[in-house]
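**Student:**
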Amino acid sequence: MILYFQNKLLKSVYFGFLSFSIITISAAFTYPFQSMDFNRKNDYYENKAAKTLGDSIDLVLKKVEQSLGITDVDLTLGVIKDGQVFLKKNYGYSNPETKTLFSDRSQIYLASASKSLTGTLAAILDQKGMIKLNKSIADYFPELIFDDKNIHPEKITIQSLITHTHGIKNNDVVVWTAFIGHKGTAHILGLLKKYSIPLPNQNFNYSNLGPVIYSLIVEKQMEKPWQEVMSEYLFKPLGMHSTTAYFSKVNTKYVSNVIDKSEGNVQAILDKADNSMSAAGGHFSTVNDLLKYLDFFISEGNSVKSILTKQEINFASSAIVPQQNRYQSYERYGYGLGWEQSKFNGENLTSRMGGYSGISCHLSYLKDQKIGIVVLSNKKGMEALSHLVANYLYNTMLNKSNKNSVLEENLKSLKRNFDSDLQETKEVNEAKAAKIAIDQALIGSYDGGEKSGSMQITTGGKVSWGNLKGKLHLLTDSTGLINFQTMLRSFSVKRESNGTIAGVYSNERYFKR
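Going by full-length UniProt numbering, the residue at position 321 of the sequence shown is 321; the numbering climbs one at a time, nothing skipped.
Shown next as structure tokens:
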């Protein structure tokens, strides 16, 4: 095993290590090499091949910067191969305000990649006979009776909650648990009972709802918070000591923030709290921990024995239910216990992606080749970057002849993503340029009821909606934008016939005065 660190490498040696594949990239992407220091003291290379691969990613990211007209990228990545950590690289900042650099210890929000962790917990609790996948909601939670009698909890299995085939829709539960912050189990149950509606069928329909309901069942059956069950049965056995479902337990020294420029200056934003960390999107983790997690699946449980059998792991990561859609370069055809199955450039890819504003999590592996990749990034407008990097790593390691054409396709996707974010920033700037003062009549508290909670507008146009804090920019005296920075929402005023304010809309949600 060989460690190469930047402070031990002369530039001439650096270029001497470049392989034919990197020369090919250099020929395809001609630009002057700049002096930016890509390497960090905690970057890791298992051997010369890993160093060469890392150097090729440096060149690819230079190409990304050139294509988008930017000067830096922000991400952390890791590769595991044949049961060993093969490569770790870090670029840019986890928090630009504090000048905290990305490292393999940076804790980043996983967003929907959390669904894989929840699915694995479901497999473990099923194996232990604690919460069986083939049992129903009614078996474990008989008091959860929906107001809509077309929803039959006795016909909805635990497995269907994890595989998104439960046939229920409830956007209000998602808003409270993922964004503004719920008020406790009783609150979530009340929303579930009153506002859930049945879908036309129980075909695959991706949402946050199933894992959230599952977490309520876990708490009831295990008589402790689902977050603690996660830690006890999954994180601790796998040695994932920097992974947590509690925002309050994240190490503030290493936490990664969303990097946002929509208000004109670079800001580090993170609007999460314990009550907006759900089993569908509520974990912080590191490259180191996620590589252990991938190794557990690639090794079919051999990396840490006595948790799940080979058969149980293969079932959890198999195409339990069908789906058909394309995301980035992935032709998705199946969904398991939180894992997605896709065709990627002729290979069978098992993956779980996650995104929240600028945060993007790519977690995937090729079982037959015994390769797993983690890429985590945090800058708004760059959400597709993690997938571009992962794709290039796979294609290079597998000597794919079309790796440069795939890279060009991925660059186009990233550019669309980047341009969309620029458009949002433009809209905010246009609203700010209008310089329409906030009418004092708008200042006050607005009630969205049990579906939406309360929203406050204070002097200067500051807006508070649960955990979300933002700024109101008016376009007219009755319309505008609320920039929460992790999301941009429309704003409009509803007036009575006499002109007094009756309430306000934020997107489709109404808040009365």
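Every residue, glycine too, gets a C-beta built ideally from N, C-alpha and C.
1) Would you give the residue range spanned by the beta strand (DSSP E) that Ser94 belongs to?
2) Looking only at DSSP bridge pairs, what is Gly181 linked to?
3) Among Val212, Leu189, Ile269, Ile70, which has the Cα closest to the Cα of Leu468?
4) Cβ of Pro211 within 8 Å of Cβ of Ile162?
5) Could you give the distance in angstroms between the alpha-carbon of Glu312 and the alpha-carbon of Ile57?
6) Determine the direct distance from the alpha carbon of Gln440 to that of Arg509, and round the result to whole angstroms.
7) Looking at C-beta atoms only, is the number of pairs between the segment 168–181 and the segment 191–210 that lie closer than 8 Å three or more?
8) In the DSSP assignment, what are the bridge partners of Gln485?
9) Along the chain, where does the beta strand (DSSP E) that runs through Thr350 open and close?
10) Helix or strand or just coil, what does DSSP make of residue 527?
11) For Ile213, which of Leu191, Val73, Glu408 has the nearest alpha-carbon?
12) Would His164 and Asn134 be called neighbours here (beta carbons separated by less than 8 Å)?
13) Please look up how many angstroms separate the CB atoms of Ala280 and Ser116, rounded, as I've assumed it's under 8 Å.
14) Can you find at least 3 beta carbon pairs, one from the segment 315–324 and one from the segment 139–154, that sit closer than 8 Å?
15) Could you check what DSSP says for Gly83 in three-state terms: helix, strand or coil?
16) Between which two residues does the alpha helix (DSSP H) containing Ser386 stretch?
17) Could you give the first and the last residue of the continuous beta strand (DSSP E) run that contains Pro322?
18) Between the alpha carbons of Gln34 and Leu77, how many angstroms are there, rounded?
19) Can you give the Cα-Cα distance for Ala28 and Asp55, rounded to whole angstroms?
20) Tell me the rounded alpha-carbon separation between Leu472 and Leu87.
21) Starting from Val64 and walking both ways along the alpha helix (DSSP H), at which residues does that stretch end?
22) Between the segment 331–342 and the segment 88–95, can you find at least three pairs of beta-carbon atoms closer than 8 Å?
23) Going by the CB atoms, is the gap between Lys380 and Asp260 shorter than 8 Å?
24) Just to confirm the assignment: which complete beta strand (DSSP E) runs, minimum length 3, are found wholly within the segment 257–290?
25) Rounded to a whole number of angstroms, what is the C-alpha to C-alpha distance between Ile217 and Val504?
26) Would you mind reading off the limits of the beta strand (DSSP E) that contains Ala502?
27) How many whole angstroms separate the CB atoms of Phe511 and Asp447, which I take to be in contact at a CB cut-off of 8 Å?
28) Excluding sequence positions up to five away, which residues of its chain have a Cβ less than 6 Å from the Cβ of Lys370?
29) In chain order, what residues of the same chain lie with their CB nearer than 7 Å to the CB of Ser21, ignoring the 5 residues before and after it?
30) Residue ranges of each alpha helix (DSSP H) run of no fewer than 4 residues wholly in the segment 88–166, ordered along the chain?
31) Would you report the Cα separation of Ser478 and Lys435, rounded to the nearest angstrom?
32) Rounding to the nearest angstrom, what Cα-Cα distance links Tyr4 and Pro142 in this structure?
33) From which residue to which residue does the alpha helix (DSSP H) around Leu366 run?
34) Can you check which of these residues, Tyr93, Asn203, Met240, Leu308, is closest to Leu290 by C-alpha distance?
35) Distance check for Val73 and Gly92, CA to CA, integer angstroms please.
36) Quick one: is Asn483 buried, meaning 16 or more other Cβ sit within 10 Å of its Cβ, or exposed?
**Tutor:** Walking through what the data contain:
1) 93–95
2) In DSSP, Gly181 forms no bridge with anything.
3) Ile269
4) Their beta carbons are under 8 Å apart, which means Pro211 touches Ile162 by this criterion.
5) 35 Å
6) 22 Å
7) yes
8) Gln485 pairs with nothing; no bridge assigned.
9) 347–356
10) With the chain covering only 1 through 513, there is no way to say anything about residue 527.
11) Leu191
12) no
13) About 11 Å separates the two Cβ atoms, so there is no contact after all.
14) no
15) Secondary structure at Gly83: coil, using DSSP grouped into helix, strand and coil.
16) 385–397
17) For Pro322, the uninterrupted beta strand (DSSP E) run begins and ends at 321–327, by DSSP.
18) Residue confidence is low: Gln34 scores 32 on pLDDT, short of 50, so the model does not pin down where it sits. Its coordinate-derived value is still stated next. For Gln34 and Leu77, the gap between their C-alpha atoms comes out near 22 Å.
19) With a pLDDT of 40 at Ala28, under the threshold of 50, the modelled position of that residue is not reliable, and the figure given next carries that caveat. Cα to Cα, the separation comes out at about 16 Å.
20) 44 Å
21) For Val64, the enclosing alpha helix (DSSP H) has its first and last residue at 48–68.
22) no
23) yes
24) 258–260, 267–269
25) 36 Å
26) 501–506
27) 6 Å
28) Asp82, Ile298.
29) For Ser21, the predicted model reports a pLDDT of 45, less than 50, meaning its position is unreliable and no value from the coordinates is stated.
30) 114–127, 137–140, 158–162
31) Distance between the alpha carbons of Ser478 and Lys435 is about 14 Å.
32) Low confidence applies to Tyr4: its pLDDT is 41, below 50, so where it sits in the model is not reliable enough to give any reading.
33) Run containing Leu366: none in the alpha helix (DSSP H); it sits in the beta strand (DSSP E), 359–366.
34) Met240
35) 6 Å
36) Taking a 10 Å sphere around the C-beta of Asn483, we find 16 or more other C-beta atoms and assign the residue as buried.
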